[in-house]
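Position 139 of the sequence shown, counted from 1, bears residue number 377 in our numbering, the numbering being contiguous throughout.
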Amino acid sequence: MANTTSLDVKEHTDTEVQKNRVLTLEEWQDKLLKKHLDTFLKGQRGLRVFFPLCGKAVEMKWFADLGHTVVGVEISEIGIREFFAEQNLSYTEEPLTEIAGAKVLKSSSGNISLYCCSLFDLPRVNIGKFDRIWDRGSLVAINPGDHD
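See below:
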């Protein structure tokens with residue numbers, strides 16, 4: 239299998255990775271959330287929402303604040319820690335015995351769990367089922383050869 243942890247940012251010059259910039263919640267609300275929220279939630283509360291390659295996406299806190307449970311996966315521990323810091327959330331940290339070197343960081347409120355590991359290793363951990371998946375562009379972060 240190809241190396242799934244690297245990203246050639248020269249190939250993706252318009253990504254937030256290249257710009258080292260995360261959109262503000264207001265920008266996301268204007269661009270995507272407001273436009274698709276009713277279709278996405280279908281009026282339901284208490285959903286489990288999965289964020290593949292979540293980084294420090296601001297919409298994770300937004301969904302959690304609406305009463306949903308957020309589960310994300312991100313290979314960058316820095317990104318996960320920055321998410322909790324930027325959102326002023328306290329958290330706990332636990333190792334994942336099923337994946338060497340991996341861990342899960344959970345908000346103290348318990349409604350946000352971010353797994354620090356490769357997306358491709360995540361199936362070894364029983365994290366349950368999800369009601370929705372919110373993905374705004376993780377495919378650009380995966381090597382094209384691994385898309386199959």
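Glycine included, each C-beta is placed from N, C-alpha and C at the ideal position.
query	result
Closer than 6 Å by C-beta to valine 287: which residues in its own chain qualify, once you throw out the five before and the five after it? Chain order, please.	Phe301, His306, Val308, Arg370, Trp372
Comparing C-alpha positions only, which one of Leu270, Lys272, Asn364, Phe358 sits nearest to isoleucine 380?	Phe358
When you compare each of Val363, Pro333, Glu312 to alanine 295 by their alpha carbons, which one comes out closest?	Glu312
Using DSSP with H/G/I as helix, E/B as strand and the rest coil, what is threonine 277?	helix
Hey, out of Asp276, Leu327, Ile318, whose CA is closest to valine 342's CA?	Ile318
Identify, in the order they occur along the chain, each residue of the same chain with its Cβ nearer than 7 Å to the Cβ of isoleucine 337, setting aside the five sequence neighbours on each side.	Cys355, Asp359, Arg362, Val363
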